[in-house]
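S.K.: Just dropping this structure here.
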Amino acid sequence: MKVMLNELLPDHHELPELLIEGITNDSRKVGSGDLFVAVTGLNVDGRSFIADAQEKNAVGILCEPPRPEIELEIPIVAVKNLKASVGNIASRFYGNPSDQLLVVAITGTNGKTSCSHFIAQGLSAMGTRCGVIGTMGYGTLTSAKGAAAKGAQYRPLKNNVSGTDLTTPDPIVLQEYLAYLVDDDCSAVALEASSHGLAQGRLNGTQINVAVFTNMTRDHLDYHADFDSYHESKQQLFSWEGLKTAVVNLDDEFGRRLCSSIGDGVEVLAVSASSSEADIYGKDIRLHDDGLSFSVCSPWGEAKVRSPLVGRFNVHNLLSTLGVICSQSYGFEEAISVISEIGMVKGRMEVIRNPGQPTVIIDYAHTPDALDKALQATKEHCLGELWCVFGCGGDRDKGKRPLMGEIASTHASHVVITDDNPRSESSLVIANEIAHGVVAGVDVEIEADRRTAIWKTLSNAGSRDVVLIAGKGHEEYQEVSGKKLAFSDHDVVGDYVSSSQ
């Protein structure tokens with residue numbers, strides 16, 4: 284792709300004539316013909332790497348004013364509010380890809396990944412090829428019709444990218460992947476919009492058609508100054524210019540406030556698993572050994588859903604998915620059929636069953652609310668005793684550690700506290716802080732080594748028991764002392780099952 288600089292900065296005059304062949308804000312990735320965007324981040328000032336970019340044959344530099352006093356052979360252009368403008372600049376470079384897509388952005392503390400994958404499955408099964416961008420990576424469904432019945436099976440995009448450290452990519456990468464989806468014949472994308480991503484302007488330059496709110500609980504208070512700033516970051520999405528539809532969880536306190544504050548011109552579809560005041564609500568919810576069932580009441584009619592998914596909270600995710608599908612004028616009956624077939628997402632209440640072994644559920648729950656919901660859901664499907672293996676991340680909100688200890692010991696008969704991603708902190712310190720919240724009288728063990736903790740638990744649990752392994756979900760690494768070590772809960776469970784057969 285080749286674009287002239289004046290096309291990227293239409294409001295600037297007297298710009299040098301530069302042909303831009305690539306754009307990046309990472310000096311390590313600068314290539315010949317690239318435009319280096321030297322933004323100022325939380326920890327790093329991109330202007331410190333301007334000379335490095337020239338050495339790597341960048342053709343130009345964009346930076347925050349004032350223009351640095353540095354002798355270069357390539358032009359430097361100072362752009363006011365550059366950080367907030369990067370998304371728009373990148374969007375122009377990639378041909379404004381979001382204008383060619385139905386963009387569904389999902390925000391909330393928990394449920395973003397499940398909801399985005401369910402929406403991608405659902406829209407694809409309805410015939411609208413839908414990609415997904417979020418915590419588990421970027422990709423498209425392997426097939427359109429019938430994809431929902433097979434669950435979320437994604438193939439990697441170009442450059443074999445399948446994962447990221449960021450739920451919402453930086454603004455340049457986001458536009459790059461939106462462009463890839465357009466090239467891959469997608470006509471929709473389900474995009475996770477994290478509070479960090481919204482606050483940092485990573486979605487700027489993206490035309491968002493539908494916004495979905497899942498819930499609001501304690502999370503990322505290590506980044507946001509307080510709960511009000513956390514609320515504000517989420518609220519941004521629902522005042523997005525050009526937004527057409529908002530699908531909001533009415534069972535959440537912030538969701539109720541959100542419904543009343545959304546401006547005119549935006550269709551609001553409130554969803555609920557308990558209140559008939561919502562536009563779309565579920566009733567007669569029943570949990571089974573192999574899934575759940577419920578009735579749906581909506582503006583388009585009433586119907587029954589039988590789903591293989593586990594967990595009462597997935598009723599909300601399915602209702603939100605139904606709202607998104609029907610907001611695009613698809614038929615209600617076909618939409619009901621499709622959401623009934625939506626399959627599990629890797630590491631999101633993912634059930635693993637083997638004859639003679641305890642049932643294992645692997646889930647990403649790493650906040651108090653998410654762990655509470657996962658344990659409640661697991662307990663409702665459990666015929667024997669409930670075991671919980673979990674830890675808390677290091678260098679993150681310490682206040683949630685005793686809360687999660689209390690939650691785990693309130694619901695589970697047996698609690699095994701282990702490492703999550705300890706990062707730079709001591710495993711024992713984290714475990715003890717979790718243990719401070721544990722309810723007296725509950726069987727609790729501390730085993731820092733996560734692999735050993737899982738093996739011990741599976742060997743001690745009975746065949747009618749359920750073991751919830753929480754915190755890492757789909758992750759295939761463990762962060763320890765500045766290193767990312769290969770680790771997968773799935774692989775550990777698989778190794779145990781193989782060794783015990």
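Numbering follows our numbering, in which position 301 of the sequence shown is assigned residue number 584; successive positions increment by one, without gaps. The beta carbon of each residue, even a glycine, is placed where N, CA and C say it ideally should be. All figures in this text were calculated on a predicted structure; none of them were measured in a lab.
I'd like to confirm the pairing. Which residues does DSSP put opposite alanine 691 in its beta bridges?
M.R.: As a first step, residue 691 is located in the sequence shown; it is residue number 408 there, counting from the start. Alanine 691 is not bridged to any residue.
S.K.: Hey, valine 699 and threonine 740: beta-carbon distance below 7 Å or not?
M.R.: As a working note, residue 699 is residue 416 in the sequence shown. As a working note, residue 740 is residue 457 in the sequence shown. Yes, they are a contact pair.
S.K.: Who are the Cβ neighbours of valine 607 in its own chain at under 7 Å, not counting the five residues just before and after it?
M.R.: Residue numbering aside, residue 607 sits at position 324 when the sequence shown is read from its first letter. Result list for valine 607: Val387, Ile402, Val493, Val495 and Val530, in chain order.
S.K.: Along the chain, which unbroken stretches of the beta strand (DSSP E) at least 3 residues long are found entirely within the segment 323 to 351?
M.R.: Counting only runs of 3 or more, we get 343 to 346.
S.K.: Which residues in the same chain have their Cβ closer than 7 Å to the Cβ of glycine 546, if we skip the five residues on either side of it in sequence?
M.R.: In the sequence shown, the residue the question calls residue 546 occupies position 263. Cβ neighbours of glycine 546 beyond the five flanking positions: Ser522.
S.K.: Give the DSSP-derived three-state secondary structure of glutamine 784 in the structure shown.
M.R.: Within the sequence shown, numbered from 1, the residue matching residue 784 stands at position 501. In this structure, glutamine 784 counts as coil in the three-state DSSP scheme.
S.K.: For the candidate residues Asp468, Ser746 and Leu602, whose alpha-carbon lies nearest to that of glutamate 668?
M.R.: Taking the first residue of the sequence shown as position 1, residue 668 is located at position 385. Of Asp468, Ser746 and Leu602, the residue nearest in Cα terms is Ser746.
S.K.: Suppose you measure from the CA of lysine 767 to the CA of serine 710; what does that come to, to the nearest Å?
M.R.: Taking the first residue of the sequence shown as 1, we reach residue 767 at position 484. Taking the first residue of the sequence shown as 1, we reach residue 710 at position 427. Each residue's alpha carbon lies about 16 Å from the other.
S.K.: Out of Lys366, Glu290 and Phe770, which one is the CA nearest neighbour of valine 327?
M.R.: To locate residue 327, count along the sequence shown from 1; it is residue 44. When only C-alpha atoms are compared, the closest one is Lys366.
S.K.: Between the segment 573 to 587 and the segment 382 to 397, can you find at least three pairs of beta-carbon atoms closer than 8 Å?
M.R.: In short, these stretches do not touch, since the Cβ pair count stays below three.
S.K.: If you check the beta carbons only, do serine 771 and glutamate 759 fall under 7 Å apart?
M.R.: Position 488 of the sequence shown holds residue 771. Position 476 of the sequence shown holds residue 759. Cβ atoms of serine 771 and glutamate 759: closer than 7 Å.
S.K.: What ranges does the alpha helix (DSSP H) occupy inside the segment 648 to 701, keeping only unbroken runs of at least 4 residues that lie completely in it?
M.R.: Counting only runs of 4 or more, we get 651 to 663 and 683 to 694.
S.K.: Cβ of alanine 321 within 7 Å of Cβ of isoleucine 303?
M.R.: For this step, residue 321 is matched to residue 38 along the sequence shown. For this step, residue 303 is matched to residue 20 along the sequence shown. Against a cut-off of 7 Å, the Cβ pair of isoleucine 303 and alanine 321 comes out as no contact.
S.K.: From which residue to which residue does the beta strand (DSSP E) around threonine 396 run?
M.R.: Here residue 396 refers to the residue found at position 113 of the sequence shown. Per DSSP, threonine 396 belongs to no beta strand (DSSP E); it is in the alpha helix (DSSP H), 395 to 408.
S.K.: State the DSSP-derived secondary structure class of lysine 517, mapped to helix, strand or coil.
M.R.: Within the sequence shown, residue 517 is the residue found at index 234, counting from 1. The answer is helix: DSSP assigns lysine 517 an H, G or I state.
S.K.: For the segment 701 to 739, which segments carrying the beta strand (DSSP E) assignment without a break, of at least 3 residues, lie completely within its bounds, in sequence order?
M.R.: DSSP runs (the beta strand (DSSP E)) wholly in the segment 701 to 739: 726 to 729.
S.K.: Which residues in the same chain as leucine 654 place their Cβ atom closer than 7 Å to its Cβ, once the five residues preceding and following it in sequence are excluded?
M.R.: Taking the first residue of the sequence shown as position 1, residue 654 is located at position 371. So the list reads Ala648, Phe673, Met687, Ile690, Ala691 and Ala753, once near-sequence residues are dropped.
S.K.: Assign serine 555 to buried or exposed, taking buried as 16 or more other Cβ atoms, counted over all protein chains shown, within 10 Å of its Cβ.
M.R.: Residue 555 sits at position 272 when you count from the first residue of the sequence shown. With 16 or more other Cβ atoms within 10 Å, it is buried.
S.K.: Assign lysine 767 to one of three DSSP states: helix, strand, or coil.
M.R.: Within the sequence shown, the letter at position 484 stands for residue 767. If DSSP states are grouped into helix, strand and coil, lysine 767 belongs with the strands.
S.K.: Kindly give me the distance between the Cβ atoms of cysteine 675 and isoleucine 717, rounded to whole angstroms, as I take these residues to be in contact under 8 Å.
M.R.: Taking the sequence shown and counting its residues from 1, one reaches residue 675 at position 392. Taking the sequence shown and counting its residues from 1, one reaches residue 717 at position 434. 6 Å between Cβ atoms; contact.
S.K.: Just to confirm, is the Cβ distance from leucine 526 to alanine 553 under 7 Å?
M.R.: Numbered from 1 along the sequence shown, position 243 holds the residue referred to as residue 526. Numbered from 1 along the sequence shown, position 270 holds the residue referred to as residue 553. Cβ distance not < 7 Å, so leucine 526 and alanine 553 don't count as in contact.
S.K.: If you run the structure through DSSP and keep just helix, strand and coil, what is glutamine 761?
M.R.: Here residue 761 corresponds to residue number 478 of the sequence shown, with the count starting at 1. Reduced to three states, the DSSP call for glutamine 761 is strand.
S.K.: Can you tell me where the alpha helix (DSSP H) with isoleucine 563 in it begins and where it stops?
M.R.: Walking along the sequence shown from the start, residue 563 turns up at place 280. Where isoleucine 563 is concerned, there is no enclosing alpha helix (DSSP H), although the beta strand (DSSP E) it sits in stretches over 563 to 571.
S.K.: Please determine, among Arg684, Leu474 and Val369, the residue with the shortest C-alpha to C-alpha distance to valine 712.
M.R.: For the purposes of this step, residue 712 is taken as residue 429 along the sequence shown, with counting starting at 1. Among Arg684, Leu474 and Val369, the Cα nearest to that of valine 712 is on Arg684.
S.K.: Spell out the partners DSSP gives phenylalanine 319 in its beta bridges.
M.R.: Looking up residue 319 in the sequence shown gives position 36. Note: phenylalanine 319 sits in a beta bridge opposite Thr307 and Ile344.
S.K.: Based on the DSSP secondary-structure assignment, which residues constitute the bridge partners of cysteine 580?
M.R.: Position 297 of the sequence shown, counting from 1, holds the residue named residue 580. Cysteine 580 is bridged to Tyr564 and Glu585.
S.K.: For leucine 504, which residues of its own chain have a beta-carbon under 6 Å away from its beta-carbon, when the five flanking residues on both sides are left out?
M.R.: Start at 1 with the first residue of the sequence shown, and residue 504 comes out as number 221. Low confidence applies to leucine 504: its pLDDT is 44, below 50, so where it sits in the model is not reliable, and the reading given next is rough at best. Closer than 6 Å at Cβ, skipping near neighbours: Asp680.
S.K.: If you measure from the beta carbon of aspartate 646 to each beta carbon in chain D, is any gap under 7 Å?
M.R.: Absent from the structure: chain D. Only one protein chain is present.
S.K.: Going by DSSP, which residues form a beta bridge with valine 472?
M.R.: What you label residue 472 is simply residue 189 of the sequence shown in a count that begins at 1. Valine 472 pairs with Val386 and Gly414.
S.K.: Tell me whether methionine 419 is buried or exposed, calling it buried when 16 or more other Cβ atoms sit within 10 Å of its Cβ.
M.R.: Along the sequence shown, read from residue 1 onward, the residue named residue 419 stands at position 136. Methionine 419 should be labelled buried.
S.K.: In this structure, does DSSP put asparagine 371 in helix, strand or coil?
M.R.: The residue labelled residue 371 in the question sits at position 88 within the sequence shown. Residue state, collapsed to three classes: helix.
S.K.: Our contact map puts serine 576 next to arginine 569 with C-beta atoms below 8 Å; I'd like the distance itself, whole angstroms only.
M.R.: Sequence index remark: in the sequence shown, residue 576 carries index 293 (1-based). Sequence index remark: in the sequence shown, residue 569 carries index 286 (1-based). Confirmed, about 5 Å.
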